[in-house]
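Below you'll find the structure, written out as structure tokens, and then a few comments.
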Amino acid sequence: YPPELRSSAYDRLLQQPPVRLQVSTVFLGGEPDFRTVTVDDLASTLHLLHEDLAGKKVLDEAIGLIEECVESFAVTMSDEHATLQRIAEKALRTDIPRKQKQFASTARICAIALLNALMFQEVLAKRRRDIPPLSDTPNEGVRGHLCDVWDHILLVNWYPIFHIARKIAANISVDSATAWYVVRRYLVSAAERLVEKRAALRHDLLGRVYHKLLAQKKFLATYFTSVPAATVLLTLAVQSIDGIDWSEPKEVSRLRVADLACGTGTLLMAAASAIEEQHYRACAEAGKLPNPITLHKALLENSLWGFDVLPFAVHLTASTLALRAPEVEFEKTNLYVVPLGGDSNALGSIEFLRRNPINAQKNLFAEPLTETSLVGPTGETEAEKVALPELDLCVMNPPFTRSVGGNLLFGSVPYEQRRRLQKELAELLRKNRVGASSTAGLGAIFVAIADRHIKPRGIMALVLPLTCLSGPAWQKTRALWASNYSLQWVIASHDPQRWNFSDSTSLSEVLLILRKKENADENSPAKFVVLWRNPTETYDAIIVASRLLDLSPANLLHDQKGTPVNLNGKIVGEAFCVPQDWLKEQSSWFLPVAFAQTLLTKVALHWLDGEIVIPGYGVVGRIPTTRLGDIATLGPDPRDVYDGFEVPPTTTPSPFACFWGHDANIVKKMAQGPNGYLTPLSKPKKSRPLRRTEQLWPKAANLLIAQFIWLNTQRLLAIYVSEKVLSNDWWPCKLQGGVAEEKALCVWLNSSMGIVSLLTQRTQTRGAWVKWKKPPLYDMVVPDFAAMREQVVETLSEAFERLKGKELQPISRIKDDPVRAEIDNAVAAAFGVDTDFAALRTLLANEPVISLARLA
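Spelled out as structure tokens, the structure:
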């Protein structure tokens, strides 16, 4: 602490420049790791550090402990079919299990519910003398003891936590000695050990286990937002809310925050933490004492709203929120189970598109109702329907299932019912003219629902697939955002160890924060962040969020580089801003986050205007450009090829040559020959239309552009085949010009500038695994050979003939690839550029999406 400030008056301290402190959080066995923080950062870190006090390793051990005892109970109980059926009917009020897999799932739910209640009991025992600790649990008569204790607790409060556990215990026979031995030996012991790690209780440990062992991600398409990502998202989102006196709990109680697909409540937990932090900070500034108990009660009873189709997930949300302050006795919550399927073809939270209020059930384990049962501390009260209020903040990591590739929309329900729900949804979207496409997935539809309930100047905070910024199916959603919102933050991960912001997935994701416009004049710059290190610890996430709030980001259009984001003395990303008007003119919003290095982003940006930029040299050339869609036609989708021909192709020659597959160990040269032949189908495949050869073959071409590629291993982005072909992994591309123009474009697309141009149009699904879809390719800026001297095309086509037989290295080794250097030299010569493209090759080689290595 600076000596000159140690004895200064408080009012003088407030006038001083912000003090920077060196702070280190040291775990047992670890090394000091000092970081520079402000006093506010230090306060935030101290307040929230206990959420990560154990460190990731210990938290992983805690999750492993839970999994072990849950599985032990499941193995013990899975053959007691009658008991599990009775529990499903009388306690869980879920579908009666019939198959062994269903029995195992029911047993796991029972274990998690019992463990949840045991943990809560131990926490309460430390605060109330009338509640016995778990150490008092006898080795014999476990059921009777726990039922008596939980009956006593239910007379006081905490109905959502103990009611279901009490029913499960009551329905496991006293004679099930092995089951009760496992409860005493494993579940009680695990609960005691977990409660000793007080900070771990704020991590939704049971929710993580639930998602891993039970939630069917493949069908529900729900992923579990990581705690650090939720911390960054909600810190920035809550800071964006205006008009709230955070120092007054009564004022905060008027806040409305909702998650329409809340799962086990990670985002609602992060919202509560961010609001608490705002409360502490506002109280300090106002000279007031904080009131966390009143604040937490206000959040639980009034401010936080959650909806999900999974009853047990909502149960865990209620439990985890209550565990944040177990001493708070709350009268109600606003957490609801929304029916999915049934005779009424209910669509879960999507019902808010049809009406408000909707039918839901607040009794987390009641029969599906047409009305809501309010649950208080002693049980159910009067029923009513649920109306979603006008929201200050809607935060979601919505389901992402799409209506393509087998159409898994509502994939958790039986096939016939799923078809009915899909039809119901299509009709609902049509009648309500919803600004969303089901092709993009349920996520786009949830965004449209949120839009209808967010108040002017309210905030939308989202975890979405990265494709939402560029995918053609997301165009309606981007149009909705452009019309109704001011984009506040876009955060993308370029960390090859963590492309995602959700756990248990490798899908590339993005964090988005938008503010609903109050008038058409709102035009604050949109801020973009590319993370080189995606935080894996909560305290790192707190500091990163704080750094972002303090930044004045560079302007991408005018400044030469992004503003560095620092953590622990290292650059962990770059930030910059763009004008809202410029963004809304773009068909895709992907370019600002297309590259980890903003030097490359600037190259791509200048190319939109036909300018060739080499970092360090500036604009070195200007050439006429056009859209690929203005000079070329792309061939049929692979699905259409499958609907017209037998696959896989054969080696028997036919009139229908093809180039099948994209093996990096085979496709090494720009020049290729056909590698197979197609045979037309005689009749359509099951549930598919028949595509006739006269619909498909006229679209065959010699020039092929990659459809799918691993950027780290594959070599070619375009090839030229000696015969016209169709393909499953490449887009046939027919240019309006002749053979020379096609060969010239093949050279361009494999040059450094061509790769930059293609990468700005990619659809990134899993890091280095990327796709190119037709609409973005048609929008791609390419040289306009028709507007240039014939010598340009001649130079490039001659280069093709000279280089077509030479093997290229994988794109990840572009920096040291002599053939790629020759291609770049040919492009430079054709366009009259005297500057070497080596700097571009170096930057591309360093890009994490290509190298799969972190930036230093």
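Going left to right, the sequence shown walks through residues 18 to 873 as my numbering numbers them. All C-beta atoms in this analysis are idealised placements derived from N, C-alpha and C, irrespective of residue type, glycine included. For clarity, every value in this text was computed on a predicted model and none was experimentally measured.
Between the Cα of residue i and those of the options, spot the shortest distance and give me the residue it belongs to.
| i | options | result |
| --- | --- | --- |
| Ser503 | Pro596, Ala509, Ala443, Leu566 | Pro596 |
| Thr242 | Leu82, Ser521, Ile462, Ala803 | Ser521 |
| Gln753 | Gln439, Gly475, Ile648, Lys349 | Ile648 |
| Pro666 | Asn362, Ile640, Pro697 | Pro697 |
| Ala558 | Lys544, Phe518, Ile530 | Phe518 |
| Glu139 | Glu864, Ile83, Ile170, Trp677 | Ile170 |
| Trp263 | Val274, Leu284, Tyr297 | Tyr297 |
| Lys184 | Glu818, Val269, Glu106 | Glu106 |
| Arg858 | Gly282, Gln119, Asn767 | Asn767 |
| Asp77 | Ala457, Arg225, Arg115 | Arg225 |
| Gly678 | Trp727, Asp746, Lys760 | Asp746 |
| Asp192 | Met94, Ala289, Ile640 | Met94 |
| Ser361 | Val403, Asn414, Gly579, Lys440 | Lys440 |
| Gly280 | Tyr176, Glu663, Val355, Thr252 | Val355 |
| Leu728 | His98, Gln826, Pro670 | Gln826 |
| Asn682 | Arg732, Ala247, Pro715 | Arg732 |
| Val326 | Glu368, Ser290, Leu695, Arg145 | Glu368 |
| Ala301 | Asp57, Thr615, Val742 | Asp57 |
| Arg515 | Lys703, Pro245, Pro150, Ala856 | Pro245 |
| Val40 | Leu63, Ser25, Ala26 | Leu63 |
Excluding five sequence neighbours on each side, which residues of the same chain lie with their C-beta closer than 7 angstroms to the C-beta of residue i?
| i | result |
| --- | --- |
| His162 | Thr154, Pro155 |
| Leu483 | Ala509, Ser525, Glu526, Val527, Gln781 |
| Ala254 | Leu410, Val412, Ile476, Ala478, Ile530 |
| His313 | Arg341, Ala342, Val345 |
| Asn3 | The requested residue 3 does not occur in the structure, where the chain is confined to residues 18 to 873. |
| Leu625 | Val798 |
| Val787 | Ile726, Leu728, Arg779, Thr780, Gln781 |
Can you tell me where the beta strand (DSSP E) with residue i in it begins and where it stops?
| i | result |
| --- | --- |
| Tyr502 | 502-510 |
| Arg732 | It is not in any beta strand (DSSP E) - Arg732 carries neither H nor E in the DSSP assignment. |
| Tyr353 | 351-354 |
| Met413 | 408-413 |
| Phe545 | 543-548 |
| Gln378 | Per DSSP, Gln378 belongs to no beta strand (DSSP E) and is neither H nor E. |
| Ile530 | 526-533 |
| Gln119 | Not the beta strand (DSSP E): Gln119 falls in the alpha helix (DSSP H), residues 117-142. |
| Leu651 | 649-651 |
| Val40 | 37-41 |
| Val764 | Segment 756-766 is the alpha helix (DSSP H) holding Val764; no beta strand (DSSP E) there. |
Can you tell me where the alpha helix (DSSP H) with residue i in it begins and where it stops?
| i | result |
| --- | --- |
| Glu864 | No alpha helix (DSSP H) holds Glu864; DSSP gives it neither H nor E. |
| Pro792 | 791-796 |
| Leu713 | 710-713 |
| Pro266 | 266-269 |
| Gly771 | 769-776 |
| Asn154 | The question names Asn, but residue 154 in the sequence shown is Thr. Thr154 -> no alpha helix (DSSP H), and no H or E assigned at all. |
| Gln102 | 98-104 |
| Leu486 | First-last for Leu486: undefined, no H or E at that position. |
| Arg210 | 205-213 |
| Val658 | 655-659 |
| Phe179 | 176-187 |
Give me, in chain order, the residues of the same chain whose beta-carbon lies closer than 6 angstroms to that of residue i; leave out the 5 immediate sequence neighbours on both sides.
| i | result |
| --- | --- |
| Tyr795 | Leu645, Gly646 |
| Asn449 | Leu370 |
| Gly690 | Ser739 |
| Thr387 | Annotation note: pLDDT 34 at Thr387 (below 50); position unreliable, coordinate value reported separately. The answer, listed in chain order, is Asn376. |
| Ile722 | Ala735, Trp748, Cys750 |
| Asn319 | Ser270 |
Tell me the DSSP bridge mates of residue i?
| i | result |
| --- | --- |
| Asp276 | Gly323 |
| Pro749 | Leu721 |
| Asp520 | Phe241 |
| Leu743 | Cys675 |
| Tyr694 | Thr667, Ala674 |
| Gln689 | Val738 |
Closer than 8 angstroms by C-beta to residue i: which residues in its own chain qualify, once you throw out the five before and the five after it? Chain order, please.
| i | result |
| --- | --- |
| Pro706 | Asp660 |
Shorter than 7 angstroms from the beta carbon of residue i to some beta carbon of chain D?
| i | result |
| --- | --- |
| Pro328 | Looking for chain D here will not work: only one protein chain is present. |
Item to check | alpha helix (DSSP H) runs contained entirely in the region 429-481, provided each spans 4 or more residues | outcome: 432-449, 459-468
Checklist entry - Which runs of the alpha helix (DSSP H), 4 residues or longer, sit entirely within the region 566-645? => result Complete alpha helix (DSSP H) runs here, min 4: 597-601, 615-624.
Next on the checklist: If we require 4 or more residues per run, which alpha helix (DSSP H) segments fall completely within the region 783-861?
Outcome noted: 791-796, 807-820, 835-847
Item to check | Complete alpha helix (DSSP H) runs within the region 301-345 (minimum length 4 residues, chain order) | outcome: Inside the region 301-345, DSSP marks whole alpha helix (DSSP H) runs of 4 or more residues at positions 309-315, 328-340, from first to last along the chain.
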